[in-house]
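If you want our numbering, it's the position in the sequence shown, counting the first as 1, plus 5. Where a beta carbon is used, it is the ideal one built from N, C-alpha and C, also for glycine.
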Amino acid sequence: MDLAPRPRHATFTPTQETRFYFRPCRDANDEIVSEYFRCRCGTARKQTCRNGYSNLMQHVRREHPDYEVVMLTASTAETDSLLNYVRRSALNVFGWIDWIIKNGLPLHFCKNPAARRYSNLDPICVETLQRAMESLTRSVERYIAAEMPERVGFILDGWSHASEHFVAVFACYEVDGVMKTPLLCMAPLLNDPDEDLSARGHLAGMQPRDYGKQLSDCSFVVGDNCAVNRLLATLMGVPLVGCASHRLNRAVQVDMEQYEDDLACDQALMMLLRTLKQSAKLRLKTSLRPVIRQDTRWSSTFSTVHRYFKLLEHLDPTDDAIVDVLPAPPCNKRLLSLLKDLKKVESVPKALQGASVTLLDVRVWFDGLIAVKPHYARFLGEFFFIIIYGINAQIYELIYLCDTGTRADIVHNPDFESESVRVIGGSPWLTRAEKEALQPFRCVEEEPPSTKKDSSLADSKDEGSFVENLQKRRRLAAVEPRYDLLSCIPPTSKTLLKGSLALPGRRTGKSATVCSLSHWKWCYSCCQSGEYWTAQTVDEATR
6 MDLAPRPRHA TFTPTQETRF YFRPCRDAND EIVSEYFRCR CGTARKQTCR
56 NGYSNLMQHV RREHPDYEVV MLTASTAETD SLLNYVRRSA LNVFGWIDWI
106 IKNGLPLHFC KNPAARRYSN LDPICVETLQ RAMESLTRSV ERYIAAEMPE
156 RVGFILDGWS HASEHFVAVF ACYEVDGVMK TPLLCMAPLL NDPDEDLSAR
206 GHLAGMQPRD YGKQLSDCSF VVGDNCAVNR LLATLMGVPL VGCASHRLNR
256 AVQVDMEQYE DDLACDQALM MLLRTLKQSA KLRLKTSLRP VIRQDTRWSS
306 TFSTVHRYFK LLEHLDPTDD AIVDVLPAPP CNKRLLSLLK DLKKVESVPK
356 ALQGASVTLL DVRVWFDGLI AVKPHYARFL GEFFFIIIYG INAQIYELIY
406 LCDTGTRADI VHNPDFESES VRVIGGSPWL TRAEKEALQP FRCVEEEPPS
456 TKKDSSLADS KDEGSFVENL QKRRRLAAVE PRYDLLSCIP PTSKTLLKGS
506 LALPGRRTGK SATVCSLSHW KWCYSCCQSG EYWTAQTVDE ATR
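In structure tokens form, the structure reads like this:
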């Protein structure tokens, strides 16, 4: 007899949930209105005494499905429960860290007199905050180490702040079908001239110590298509997935070389419009401001050309101050043609920043750009999709890749990228060399018992011809392999850089850098995902 499963015991009672989310409504005289309650989200609900909490609980279940997670992170006084008991001192530290880190404030903000005056948090010094962050860093590292699977990938990216240069290493893996990209380490600043603090040396020393991983556990590397990253991937013996945004930027930069003279005229005009006198004239006609072009980012070229045509109708061609730098009509015609071309490309880098973008998506978008601009194949490669319809009077859709022989020289391992795209696209045709290249990503699966049973029956069965028995064994042995990590390989590392740009700006004083780079690592981890830290984590780490 099958028994019905026992329902899961509720973490909080209806009384605790309604008291946490609802407060009695008040009238204009600050008097409580009976039977009316207002939720934290601003919704007012009526609840009579004889019906318990049914109406209020219905709102909580529908509008706040994550109520258990929210209540577990709240204090004991708010929830009237001891499940998430946290010391008051730890809750105070958690409040300061949550306030400072998530809002991009400097660490010395906790010493601000106005912050201490208008906050209900107890005063705290920078040294206490730093010690708490150091303890939390180790706790987060242990959490990530326990979560990381056997095979992972690395994502390399760097940036500069003022005269300081940074290189960050992220991990890339899947947990229950969800891609995780936690920050593992950052290359420290160079203190001694002969000190080896490269990303490779730091990664080799950090992995076994903090995460129990070796470089041999790495399956792929994602980074810019530069010589250093190519050498690093070659020494590690893993494929380098070149940053798609970097490849697209190189292609567009080369394409814009023929418009350099026209762009120089546009830049000179924009610089003149930013002066005090011309800016005052322009302010009387429109609220739009001039945009300056940056040489390192082609998106700024699109912005400045687009803004130029927006401002052109507000400019006076008889003004002697700007007539010398105002582009001529032939120049405007060429800039308008450039703007139309850039509009086609503009949507691609924006789409590359998506969280669920795969190598297959990038290949489709790049093939579309190559179809419009064939000279982009120098940086974007050239593969085409062939779709076949109608096989044996039935409708099938079969998608596979056909290599036309033109490949981008900038790609480190074009075979791996094309093979990954084929597997993600569901193509069953892989050569022996391609299967060998994807062997590190292949899932190790046990043979199902039914297959073993059918195989033994085929061996013992004497009926049928010799060829039929061989064909049957072949069909039983033909099992399509599955590959891990291919669908979660990010095509670009620029999405991870967004959260890191603000980290070097956190200071403890006028010129002192925040405690250590390990603090930045934890800062980015907590800003990137709230699952790595809670008030209970702070309580356990600061005991």
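- Task: Go ahead and label K218 buried or exposed: buried means 16 or more other beta carbons lie within 10 angstroms of its beta carbon, across all protein chains shown.
- Result: Taking the sequence shown and counting its residues from 1, the one referred to as residue 218 is at position 213. Looking at its Cβ environment, which holds 16 or more other Cβ atoms inside 10 Å, K218 is buried.
- According to DSSP, which residues form a beta bridge with S165? Translated into the one-based positions of the sequence shown, residue 165 becomes position 160. Answer by DSSP bridge pairing, in chain order: H170.
- Taking all protein chains shown into account, do 16 or more other C-beta atoms lie within 10 angstroms of the C-beta of P334, making it buried, or fewer, making it exposed? Working through the sequence shown from its first residue, we reach residue 334 at position 329. Exposed is the call here.
- Message: Quick check on the burial criterion: 16 or more other C-beta atoms within 10 angstroms. Buried or exposed for C46?
- Response: Your numbering for residue 46 matches position 41 in the sequence shown. Residue environment: C46 is assigned as exposed (fewer than 16 neighbouring CB atoms within 10 Å of its CB, all protein chains considered).
- Task: Would you give the residue range spanned by the alpha helix (DSSP H) that K355 belongs to?
- Result: Translated into positions along the sequence shown, residue 355 becomes position 350. For K355, the uninterrupted alpha helix (DSSP H) run begins and ends at 334-357, by DSSP.
- Shortest alpha-carbon distance to I37 belongs to which of R43, C44, P29? What you label residue 37 is simply residue 32 of the sequence shown in a count that begins at 1. Across the set R43, C44, P29, the C-alpha of P29 shows the shortest separation from the C-alpha of I37.
- Message: Mapping the DSSP letters down to three states, classify G373 as helix, strand or coil.
- Response: Along the sequence shown, one-based indexing puts residue 373 at 368. Three-state result, G373: helix.
- Query: For the alpha helix (DSSP H) that contains S221, what are its first and last residues?
  - Reply: Translated into positions along the sequence shown, residue 221 becomes position 216. From DSSP, S221 is part of no alpha helix (DSSP H); its letter is neither H nor E.
- Message: Measuring straight from C-alpha to C-alpha, what distance separates Y26 and W104?
- Response: Position 21 of the sequence shown, counted from the first residue, corresponds to residue 26. Position 99 of the sequence shown, counted from the first residue, corresponds to residue 104. For Y26 and W104, the distance between alpha carbons rounds to 22 Å.
- Query: What residue does the beta strand (DSSP E) around F247 start on, and which one ends it?
  - Reply: Reading the sequence shown from its first residue, position 242 is the one you call residue 247. The question names Phe, yet the displayed sequence has Gly at residue 247. 245-247 is the extent of the beta strand (DSSP E) around G247.
- Query: At what residue ranges does the region 52-135 contain a whole run of the alpha helix (DSSP H), taking only runs of 4 or more?
  - Reply: Correct list: 59-68, 72-78, 81-84, 93-107, 118-123.
- Query: What are the start and end residues of the alpha helix (DSSP H) that includes V310?
  - Reply: Position 305 of the sequence shown holds residue 310. Residues 303-316.
- Task: Would you tell me roughly how many angstroms separate the C-alpha atoms of M153 and S498, rounded to the nearest one?
- Result: Taking the first residue of the sequence shown as position 1, residue 153 is located at position 148. Taking the first residue of the sequence shown as position 1, residue 498 is located at position 493. When rounded, the distance between both Cα atoms is 19 Å.
- Message: I'd like to check one pair, F384 with A256: are the Cβ atoms closer than 8 Å?
- Response: By 1-based counting over the sequence shown, the position of residue 256 is 251. By 1-based counting over the sequence shown, the position of residue 384 is 379. Yes, these two residues count as a Cβ contact at 8 Å.
- Query: Is I297 helix, strand or coil when you go by DSSP?
  - Reply: The residue labelled residue 297 in the question sits at position 292 within the sequence shown. In the structure shown, I297 sits in coil (DSSP, three-state: anything other than H, G, I, E or B).
- Apart from the five residues on each side of it in sequence, which residues of its chain come closer than 7 Å, Cβ to Cβ, to R121? Residue numbering aside, residue 121 sits at position 116 when the sequence shown is read from its first letter. Closer than 7 Å at Cβ, skipping near neighbours: P128.
- Task: Check P29 in the structure and name its three-state DSSP category.
- Result: Along the sequence shown, one-based indexing puts residue 29 at 24. P29: strand per DSSP, three-state reduction.
- Item | S361 (DSSP reduced to helix, strand or coil) | For this step, residue 361 is matched to residue 356 along the sequence shown. Coil.
- Query: When the Cα atoms are used, what is the spatial distance from T547 to E146?
  - Reply: As a working mapping, residue 547 is identified with position 542 in the sequence shown. As a working mapping, residue 146 is identified with position 141 in the sequence shown. Whole-angstrom Cα-Cα distance: 15 Å.
- Sequence-distant residues of the same chain with beta carbon closer than 6 Å to L340, five excluded per side: Counting from 1 along the sequence shown, the entry for residue 340 is found at position 335. Result list for L340: D267, V310, in chain order.
- Using 8 Å as the Cβ pair cut-off and three pairs as the minimum, do the region 218-232 and the region 246-254 touch? Per the Cβ contact rule, the region 218-232 is in contact with the region 246-254 (3 or more Cβ pairs under 8 Å).
- Can R92 and D544 be called in contact, C-beta distance under 8 Å? What you label residue 92 is simply residue 87 of the sequence shown in a count that begins at 1. What you label residue 544 is simply residue 539 of the sequence shown in a count that begins at 1. Yes, the Cβ-Cβ distance between R92 and D544 is below 8 Å.
- Consider the Cβ of L253: report whether some Cβ of chain C lies at a distance smaller than 8 Å. You won't find chain C in this structure, because it holds only one protein chain.
- Any idea what DSSP makes of L253, helix, strand or coil? Taking the first residue of the sequence shown as 1, we reach residue 253 at position 248. Helix at L253.
- Do you know offhand how far P111's Cα is from K315's? Taking the first residue of the sequence shown as position 1, residue 111 is located at position 106. Taking the first residue of the sequence shown as position 1, residue 315 is located at position 310. Those two C-alpha atoms are separated by around 38 Å.
- Message: Whole angstroms are fine: how far does the CA of L237 sit from the CA of L491?
- Response: Residue numbering aside, residue 491 sits at position 486 when the sequence shown is read from its first letter. Residue numbering aside, residue 237 sits at position 232 when the sequence shown is read from its first letter. L491 and L237: Cα-Cα distance of roughly 20 Å.
- Cβ-based neighbour list, I299, same chain, cut-off 6 Å, excluding 5 preceding and 5 following: Along the sequence shown, read from residue 1 onward, the residue named residue 299 stands at position 294. Looking at the sequence provided, one finds Gln at residue 299 rather than Ile. Around Q299: S305.
- Item | Distance between beta carbons of G163 and A173, contact taken as under 8 Å | Here residue 173 refers to the residue found at position 168 of the sequence shown. Here residue 163 refers to the residue found at position 158 of the sequence shown. Cβ atoms of A173 and G163 come within 8 Å of each other, at about 7 Å.
- Query: Helix, strand or coil: how does DSSP classify M191 here?
  - Reply: Taking the first residue of the sequence shown as position 1, residue 191 is located at position 186. Per DSSP, reduced to three states, the secondary structure at M191 is strand.
- Residues of its chain near S308, where Cβ-Cβ distance is below 6 Å and the 5 sequence neighbours each way are ignored: In the sequence shown, counting from the first residue as 1, residue 308 sits at position 303. Answer for S308: V296, listed in chain order.
- Task: Can you tell me which of the three DSSP states R43 falls into?
- Result: If you number the sequence shown from 1, residue 43 lands on position 38. Here R43 sits in strand by DSSP.
- Where does A540 land, buried or exposed, given buried means 16+ other C-beta within 10 angstroms? Along the sequence shown, read from residue 1 onward, the residue named residue 540 stands at position 535. With 16 or more Cβ atoms within 10 Å of its Cβ, A540 is classed as buried.
- Item | Inter-residue Cα distance where the pair is M241 and V233 | Counting from one through the sequence shown, the residue named residue 241 turns up at place 236. Counting from one through the sequence shown, the residue named residue 233 turns up at place 228. In this structure, the alpha-carbon of M241 lies about 12 Å from that of V233.
- Thinking Q358 and A326 are a contact (beta carbons under 8 Å), I'd like their distance in whole angstroms, please. Sequence index remark: in the sequence shown, residue 358 carries index 353 (1-based). Sequence index remark: in the sequence shown, residue 326 carries index 321 (1-based). Distance from Q358 to A326 at the Cβ level is roughly 40 Å; contact not present, criterion being Cβ atoms closer than 8 Å.
- Message: Please report the straight-line C-alpha distance between W101 and T133, rounded to a whole angstrom.
- Response: Mapped onto the sequence shown, residue 101 falls at position 96. Mapped onto the sequence shown, residue 133 falls at position 128. Their Cα atoms are separated by approximately 11 Å.
- Query: Alpha carbon to alpha carbon, how far is H113 from Y123?
  - Reply: Within the sequence shown, the letter at position 108 stands for residue 113. Within the sequence shown, the letter at position 118 stands for residue 123. Each residue's alpha carbon lies about 16 Å from the other.
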